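Reminder that position 127 of the sequence shown reads as 795 in this note's numbering, one-by-one numbering, no gaps. Input: a single structure, listed below in structure tokens.
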Amino acid sequence: MCNIEPTFIEKYLPIIITIIGNIIFYLWTSKSIEKSKIAYGGLFKEKVDIYRDLLKKTYTIKKELYRFQYLGSVEEGKELMLKINEYIEFYTINQPFLSDDMISDLDKIRAEFQEVFEKFYKHISVKNSDNLNEFFEASNKLKINKPFEDIEKKIIAEMRKDLKVKKF
669 MCNIEPTFIE KYLPIIITII GNIIFYLWTS KSIEKSKIAY GGLFKEKVDI YRDLLKKTYT
729 IKKELYRFQY LGSVEEGKEL MLKINEYIEF YTINQPFLSD DMISDLDKIR AEFQEVFEKF
789 YKHISVKNSD NLNEFFEASN KLKINKPFED IEKKIIAEMR KDLKVKKF
């Protein structure tokens, strides 16, 4: 038998082709992965900002309703109603980033805000003691915080689930 030694090219060509192929594949996929990471990171940050703003707006409206019941005027009532409308507009505009459950919960808390506001506004604008029961009913909702707290907890739980965060 004839023992022929393979040449350098025959011996190392498959290795060189494999290395070049791996480099090309790495460069192609790393750019794609990097683009995906940037896009996902941007969406994640957007969601965090939306959730933070929702909580901030929720607590601000609650605080202003609480103040409005004692010190409110008709003019301040109009400003507060505008803030509630801005709240509705904010979560309506950001619906693509929110789950259906989250939107449903936001609708519930918005309805609670409006109900409490309307009872306070009616009492302040009419200056009639006939609607004191409604006024005190709305005042108690704010004091015990039950409907708001339940919905806020659901919103926070939804946020944590969506952001894949347990507790910090």
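Just so you know, even glycine gets a beta-carbon here, dropped at the ideal spot from N, CA and C. All values reported here derive from a predicted model rather than from experimental measurement.
DSSP places Asn-753 in the helix class (H, G or I) of the three-state scheme. Put simply, the backbone Cα of Ile-792 is about 7 Å away from that of Ser-741. Contact check for Phe-788 against Met-749 fails: the beta carbons are separated by 8 Å or more.
The beta carbon of Glu-805 lies closer than 8 Å to those of Lys-787 in the same chain, with the five residues before and after it left out.
The alpha-carbon separation between Ile-819 and Lys-776 amounts to approximately 8 Å. Only residues of its own chain outside the window of five on either side were considered, and among them Lys-730, Ile-777 and Glu-780 have a CB closer than 7 Å to the CB of Phe-816, listed in chain order. Pairing Ile-812 with Gln-782 gives a Cβ-Cβ distance that is not under 8 Å. Annotated as proximal: Asn-799 and Lys-790, with beta-carbon spacing under 8 Å. Listed in chain order, the alpha helix (DSSP H) runs fully inside the segment 717-771 are 742-761, counting runs of at least 4 residues. Around the C-beta of Ile-823, 16 or more other C-beta atoms lie within 10 Å, and the residue is accordingly described as buried.
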